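The number in the working numbering is simply the position in the sequence shown, starting from 1, with 5 added. Working notes for the structure below.
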Amino acid sequence: MRLSQNFLIDERVAERQVRYANLNEKDIVLEIGAGKGILTKKIARIAKVIAIEIDKKFIGKLRKIKNVEVINEDVLKINLNELKFNKVISNIPYHISSPITFRLLEKKFDVGILMYQKEFAERMTANPGTKKYSRLSVMVYYRADCFLLERVPRKAFYPVPKVDSYIVKIIPIGKRFKVDENLFERVVKSLFSHRRKKIKNSLVIDGLLKKDYAEKIIYGDRRGDSLTPEEIAELCMKIEGIK
6 MRLSQNFLID ERVAERQVRY ANLNEKDIVL EIGAGKGILT KKIARIAKVI
56 AIEIDKKFIG KLRKIKNVEV INEDVLKINL NELKFNKVIS NIPYHISSPI
106 TFRLLEKKFD VGILMYQKEF AERMTANPGT KKYSRLSVMV YYRADCFLLE
156 RVPRKAFYPV PKVDSYIVKI IPIGKRFKVD ENLFERVVKS LFSHRRKKIK
206 NSLVIDGLLK KDYAEKIIYG DRRGDSLTPE EIAELCMKIE GIK
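Here is the structure:
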């Protein structure tokens with residue numbers, strides 16, 4: 006069953022997705038959720054495609070497209086490190102937007118042109134202090150440069166979803182800050198799990214800071230969603246120093 010999957014039917018949108026990726030014949034493109042192949046065909050005219058599709062009923066049609074390697078599997082069960090590609094162009098199945106984004110950002114590639122639901126895309130790129138600034142915003146920023154390219158109306162899909170979408174450009178950068186990654190993830194989770202609390206209290210509640218140091222910690226009296234990713238990284242360095 007393809008949960009939350011809406012198929013792109015607007016050929017013009019697919020053509021623009023391909024143009025945004027600036028493809029050439031040497032590129033190898035990963036496409037996740039190839040579906041009926043509307044995007045696959047346009048990519049394959051220029052570059053090789055590795056098309057991942059879980060639904061068996063689309064596999065025969067996809068395999069008839071030249072320059073395409075088809076993988077009939079759940080993308081979340083695939084080791085992406087075993088695949089060789091340098092660009093990603095995909096209409097991401099909405100129900101796996103978060104896990105697949107972070108799986109992708111663990112791998113090095115040149116650029117991703119990805120379609121997300123509007124709210125998810127806006128949270129990916131939200132600024133500190135705004136309502137949509139979130140754990141997602143910080144963790145994407147930690148791993149990549151991310152840009153909203155184009156808002157896509159819901160009528161470009163079938164079945165028609167309840168919301169519009171965005172084409173998002175992602176450029177992986179590795180790790181933006183020289184901090185312990187596990188600590189950074191835990192601190193970010195803590196700050197956004199207790200958005201209304203002062204940072205010093207959030208960190209103590211989640212066992213990231215001893216109560217004795219709560220009054221001394223940098224940014225302690227601010228709320229977590231007011232910190233920039235750079236300030237969160239600085240906070241992590243201070244916590245590491247205490248330990």
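For every residue, glycine included, the Cβ atom is placed at its ideal position computed from N, Cα and C. Note that the coordinates shown come from a computational prediction; the quantities given were computed from them, not determined experimentally.
#1: Quick check: the region 88–107 against the region 64–71, are there 3 or more CB pairs under 8 Å?
#2: CA-CA distance, residue 193 and residue 230?
#3: Mind reading off the beta-carbon distance from residue 147 to residue 234? Whole number of angstroms is fine, and I expect it under 8 Å.
#4: I need the DSSP call for residue 7, collapsed to helix, strand or coil.
#5: Which of the three DSSP states, helix, strand or coil, is assigned to residue 28?
#6: In terms of residues, what are the limits of the beta strand (DSSP E) holding residue 96?
#7: Could you check if residue 162 is buried or exposed, using at least 16 other CB atoms within 10 Å of its CB as the buried criterion?
#8: Do the region 115–133 and the region 209–219 meet, that is, are 3 or more Cβ pairs less than 8 Å apart?
#9: Name, in chain order, the residues that DSSP records as bridge partners for residue 203.
#10: Sort out for me which residues DSSP pairs residue 192 with in a bridge.
Result, derived from the coordinates:
#1: no
#2: 9 Å
#3: Contact flag correct, Cβ pair sits at about 6 Å.
#4: Per-residue confidence for residue 7 stands at a pLDDT of 45, beneath the threshold of 50, marking its modelled position as unreliable; the derived number appears in the next sentence. The three-state secondary structure of residue 7, taken from DSSP, is coil.
#5: coil
#6: In the DSSP assignment, residue 96 falls within the unbroken beta strand (DSSP E) covering 92–96.
#7: A buried status is given to residue 162, since no fewer than 16 other beta-carbon atoms sit within 10 Å of its beta-carbon.
#8: no
#9: 228, per the DSSP bridge assignment.
#10: Its beta-bridge partners do not exist; DSSP assigns none.
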